[in-house]
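Written below as structure tokens is the structure these notes are about.
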Amino acid sequence: MPPPAPHLPSPPRRRDNPSSALDQAWRSTDLLLNTGGFRAIVLDLGDTPPEQARRVPLTTWYRFRLQVEKAHVLFLLLTRIPCAGSCSALSVCCAPAEADWRQAADGGGSPALFGGVRCRITVRRNRTADVQRAAVQRKEPVRMGAPSLPAAAGDGSAWTSAAPWTR
Amino acid sequence: MPAALYLCLHVPDFAAQAALGAHPELRDQPLAILSGQPPLEYVFGLNPASRQLGVATGMRRIQAESFPGVALLRRSRAQEDHAFAALLACADGFSPRVQVLATPDEDESFSRATLMLDISASEKLLGSPRQIAAALSRQVHALGLRASAAVSGEASAALLAARGRPGITVIAYGEEAPALASLPLPVLELTDAQAQTFAAWGIGTLGQIAALPLKSLVARLGEDGHRLHLLARGVYPHLLVSEADAADAPLIEHLVLEHPVELLEPLIFLLGRALEQITRRAIESALAIASVEISLQLETSPPSSTTAQHCRAVRPALPVQDFHILLKLIQLDLELHPPPSPIVAFTLCAQPARRPRVQQGLFAPQSPEAGRLEVLLARLRKLVGEDRVGSPELLDSHAPDAFRMAPFQPGDAAPAAAPALSAPTPALALRALRPPLVVRVGLQGAAPRSIFLEGQQLPVVSHSGPWRSDGAWWTTSRWCREEWDVAIDAPEPRCLRLAFDPGANCWYLTGLYD
Chain Z
1 MPPPAPHLPS
11 PPRRRDNPSS
21 ALDQAWRSTD
31 LLLNTGGFRA
41 IVLDLGDTPP
51 EQARRVPLTT
61 WYRFRLQVEK
71 AHVLFLLLTR
81 IPCAGSCSAL
91 SVCCAPAEAD
101 WRQAADGGGS
111 PALFGGVRCR
121 ITVRRNRTAD
131 VQRAAVQRKE
141 PVRMGAPSLP
151 AAAGDGSAWT
161 SAAPWTR
Chain R
168 MPAALYLCLH
178 VPDFAAQAAL
188 GAHPELRDQP
198 LAILSGQPPL
208 EYVFGLNPAS
218 RQLGVATGMR
228 RIQAESFPGV
238 ALLRRSRAQE
248 DHAFAALLAC
258 ADGFSPRVQV
268 LATPDEDESF
278 SRATLMLDIS
288 ASEKLLGSPR
298 QIAAALSRQV
308 HALGLRASAA
318 VSGEASAALL
328 AARGRPGITV
338 IAYGEEAPAL
348 ASLPLPVLEL
358 TDAQAQTFAA
368 WGIGTLGQIA
378 ALPLKSLVAR
388 LGEDGHRLHL
398 LARGVYPHLL
408 VSEADAADAP
418 LIEHLVLEHP
428 VELLEPLIFL
438 LGRALEQITR
448 RAIESALAIA
458 SVEISLQLET
468 SPPSSTTAQH
478 CRAVRPALPV
488 QDFHILLKLI
498 QLDLELHPPP
508 SPIVAFTLCA
518 QPARRPRVQQ
528 GLFAPQSPEA
538 GRLEVLLARL
548 RKLVGEDRVG
558 SPELLDSHAP
568 DAFRMAPFQP
578 GDAAPAAAPA
588 LSAPTPALAL
598 RALRPPLVVR
608 VGLQGAAPRS
618 IFLEGQQLPV
628 VSHSGPWRSD
638 GAWWTTSRWC
648 REEWDVAIDA
658 PEPRCLRLAF
668 DPGANCWYLT
678 GLYD
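The listed protein sequences derive, respectively, from chains Z and R.
Counting from 1, position 17 in the first sequence corresponds to residue 17 in our numbering; the numbering is continuous, with no gaps.
Counting from 1, position 172 in the second sequence corresponds to residue 339 in our numbering; the numbering is continuous, with no gaps.
Below is the structure:
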């Protein structure tokens, strides 16, 4: 490993104005929903601070809900706090429960390798649970590693995601 | 072998009609087209309304201005060329064998365009000769041109009938001479000496020439007498030599504006009219538009450039036939890259291509229609920037965030692999922060002990690292960093990725493990 050399990385830019970035996100989402034809649209607000996410007008989420119902699209909103309120059909809380730290091979005291995270998922609300129960029984879909989603509010489940260097 | 059948298409006053394409508001007004350099401008083209008023070709400008209500326009050879190209493309849709008998710029005294089409054995495909002529006339009329068409088994008879009779004329086999008998002599385009001779003989129609004894006519007029006699009877032999196939030639529309256009909205309106013509020509050839290059002639050249031109290009992912989609793409592109000064002329050059044929699959990912997807991507590019729309594509580098945005093409996605029966462990996701956050880090030795984040000091409960990497040390864009994986407990258990830049002596929060 060569010694660290002088490095001039790209200077840390001032982050874009969050309000303008959010405005762009709303308008882009409107465009995507109005165009239609997509099977799923994901709006990732994971970087948005909770106080800004709370200030989003409820009319925005209602508008998105109407467009989603009209376009028959799966709309997935990722936020740090539940902010869509009653507009969401399914609200799920996903939180890391514990990290997997692996000891060094020499048996040293400090953990040497970050191996993954065990996540816990909890259903906050599920407006489609009654519809699912009333539906005709059908063949269970093949699950790809992730556990089956708990059906009712309050149910929980967990899974472990592994870092690429440990797989 | 089926008998030969020719269709002649004749467009009189071509210069005036081509100019009306850019000035449709003058369609019902007397119009004169001026040619030549000032102050020696002369009347080159007329429409029937101005001819009825008494305006004649060859008049000087001041003479033409003495007629009240006559609109005077400068001749535009570019407009005539593009209108003639559109006319030729229209004829190509009816016959693979088309000969150009007269082009708009071959004569400086008057303007016309004449095409000869070989429509032999086309009845089963396109209908009767009258139906073919009517369909061709309709398409030419849609181009904004008024033409006369004539069908005959003899090319010369079709040519003379098209020159002499407006509308559609169909001449039966063997009936050429009676059909041409009533036509006046100017359709033969005689020389002045020949016209004076026939006038002196008291001959004014083709039927009278055909009735003359051939030997006596040849004795007085020579070989021209033989030719004129055959023409008057409609039996002059003609060898049709077709033009080269112009199906793949670019479709071009050019328009010179009388006044500079400063706003984008009127410019888009004019571009839309030209684009509609181009799209129609492509559809007539069963083609679509693969790309459109827009060349805007500026009133003044911008300081950063020596040429007074603003060029843009629109290339949809798939060739399209809907001109509304192309126009919307052009509008969004020009809104994103507006011209720096007013526009005085523009040229649209479209490259035709075969229509795309997409085989949809039952299990193919759902995606919007290609045209709507193009417009959506253009709108998103205008909204968030050109470098933020597309599909991320990894670069061949170990540098952090080494990726670029490739064009979004959902059809190119690799098919999903078959689901494995034994499900693998889900992969850990890292939410990368772009740009990374600058953070203060408390150290214990070289390892992070605490992080100052959002005004709080958060103790590090576990850490792993440093993971050193560097690259591009042989260039000026050298990079080097030490990465740490750390875990914090407050305010909630989170795992973070920190990076230390030895060159800048600065810590960054580069991502969060989700």
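All C-beta atoms in this analysis are idealised placements derived from N, C-alpha and C, irrespective of residue type, glycine included.
Taking all protein chains shown into account, decide if residue i is buried (16 or more other Cβ within 10 angstroms of its Cβ) or exposed.
i: R/Pro753; result: The structure shown does not extend to residue 753 of chain R, since chain R is modelled only from 168 through 681, so no value can be given for it.
i: R/Asp180; result: buried
i: R/Leu381; result: exposed
i: R/Val605; result: exposed
i: R/Glu420; result: buried
i: R/Lys495; result: buried
i: R/His477; result: buried
i: R/Ser644; result: exposed
i: R/Thr467; result: exposed
i: Z/Gly46; result: exposed
i: R/Arg601; result: exposed
i: Z/Cys87; result: buried
i: R/Val525; result: exposed
i: R/Phe251; result: buried
i: R/Leu682; result: It is not possible to answer for residue 682 of chain R, since the shown part of chain R is limited to 168 through 681.
i: R/Leu310; result: buried
i: R/Phe570; result: exposed
i: R/Phe261; result: buried
i: Z/Ile81; result: exposed
i: R/Asp563; result: exposed
i: R/Glu343; result: buried
i: R/Ala441; result: buried
i: R/Trp646; result: buried
i: R/Thr446; result: buried
i: Z/Phe114; result: buried
i: R/Phe530; result: exposed
i: R/Thr281; result: buried
i: Z/Leu72; result: As written in the sequence, residue 72 of chain Z is His, which differs from the Leu given in the question. Classification of Z/His72: exposed, given that the 10 Å Cβ count is below 16.
i: Z/Phe64; result: buried
i: Z/Gly156; result: exposed
Cβ atoms of residue j and residue i: under 8 angstroms apart, would you say?
i: R/Leu438; j: R/Phe490; result: no
i: R/Leu373; j: R/Ala399; result: yes
i: R/Arg482; j: R/His504; result: no
i: R/Thr677; j: R/Ala599; result: yes
i: Z/Leu90; j: Z/Asn126; result: yes
i: R/Leu240; j: R/Leu198; result: yes
i: R/Pro633; j: R/Glu650; result: yes
i: R/Cys175; j: R/Ala416; result: no
i: R/Leu493; j: R/Ala189; result: no
i: R/Gln184; j: R/Ala216; result: no
i: Z/Gln52; j: Z/Leu22; result: yes
i: Z/Gly103; j: Z/Ala97; result: The amino acid at residue 103 of chain Z is misidentified as Gly; the sequence shows Gln. No; because the gap between Cβ atoms is not below 8 angstroms, this pair is not in contact.
i: R/Glu541; j: R/Ala455; result: no
i: R/Ser508; j: R/Pro469; result: yes
Verify the contact flag: residue i, CB atom, against every heavy atom of the ligand SAM, threshold strictly below 7 angstroms.
i: R/Ala329; result: Of ligands this structure carries none, so the ligand SAM is not represented either.
Residue ranges of each beta strand (DSSP E) within the segment 389 to 454 of chain R, 3 or longer: 418 to 428
Got a sec: which bits of the segment 589 to 603 of chain R sit with their beta carbon under 8 angstroms from any beta carbon on chain Z, in order along the chain? Ala590, Pro591, Thr592, Pro593, Ala594, Leu595, Ala596, Arg598, Leu600, Pro602, Pro603
Quick one: which residues of the segment 15 to 44 of chain Z get their C-beta closer than 8 angstroms to a C-beta of chain R? List them in chain order. Arg15, Gln24, Arg27, Ser28, Leu31, Leu32, Thr35, Gly36, Gly37, Phe38, Arg39
For the pair the segment 609 to 621 of chain R and the segment 539 to 550 of chain R, tell me if three or more CB-CB distances fall below 8 angstroms. Cβ pair count under 8 angstroms is below three, so no.
Which ranges would you report for the beta strand (DSSP E) in the segment 502 to 582 of chain R if only whole runs of at least 3 residues count? 510 to 521, 558 to 561, 570 to 573
Write down every uninterrupted run of the alpha helix (DSSP H) in the segment 301 to 381 of chain R whose length is 4 residues or greater and which is fully enclosed by it, in chain order. 322 to 331, 343 to 347, 359 to 368, 373 to 377
If we count Cβ pairs, one from each stretch, closer than 8 angstroms, do we get three or more for the segment 592 to 609 of chain R versus the segment 649 to 668 of chain R? yes
Count Cβ pairs between the segment 203 to 219 of chain R and the segment 227 to 235 of chain R that sit closer than 8 angstroms; are there 3 or more? yes
Sufficient close CB pairs (3 or more, under 8 angstroms) joining the segment 322 to 331 of chain R to the segment 341 to 359 of chain R: Remark: three or more beta-carbon pairs, one from each stretch, lie closer than 8 angstroms, so the segment 322 to 331 of chain R and the segment 341 to 359 of chain R are flagged as touching.
Output, in sequence order along the chain, the residues in the segment 91 to 105 of chain Z whose CB is closer than 9 angstroms to any CB in chain R. Cys94, Ala95, Pro96, Ala97, Glu98, Ala99, Trp101, Arg102
Which residues, in order along the segment 546 to 572 of chain R, keep a beta-carbon less than 8 angstroms from a beta-carbon of chain Z? Arg546, Leu547, Leu550, Val551
Residues within the segment 471 to 505 of chain R neighbouring chain Z, beta-carbon criterion of under 9 angstroms: none
Residues, ordered as in the chain, of the segment 111 to 126 of chain Z that lie near chain R by beta-carbon distance below 9 angstroms: Pro111, Ala112, Leu113, Phe114, Gly115, Gly116, Val117, Cys119
What are the start and end residues of each continuous beta strand (DSSP E) run of 3 or more residues lying completely inside the segment 78 to 123 of chain Z, in chain order? Runs found: 90 to 103.
Using a Cβ-Cβ cut-off of less than 9 angstroms, list which residues of the segment 517 to 546 of chain R approach chain Z; keep chain order. Pro532, Gln533, Ser534, Pro535, Glu536, Arg539, Leu540, Val542, Leu543, Arg546
Which full runs of the beta strand (DSSP E) of 3+ residues lie inside the segment 175 to 253 of chain R, going along the chain? 198 to 202, 209 to 213, 238 to 241
Taking any Cβ of chain Z, which residues in the segment 613 to 633 of chain R have a Cβ under 7 angstroms from it, in chain order? Ser629, Ser631
Which residues, in order along the segment 58 to 72 of chain Z, keep a beta-carbon less than 7 angstroms from a beta-carbon of chain R? none
Counting only Cβ-Cβ distances shorter than 8 angstroms, please list the residues of the segment 233 to 259 of chain R near chain Z, keeping chain order. none
If you measure beta-carbon to beta-carbon, which residues of the segment 638 to 668 of chain R are closer than 8 angstroms to chain Z? Trp640, Arg645, Trp646, Cys647, Arg648, Glu649, Asp652, Ala654, Glu659, Pro660, Arg661, Cys662, Asp668
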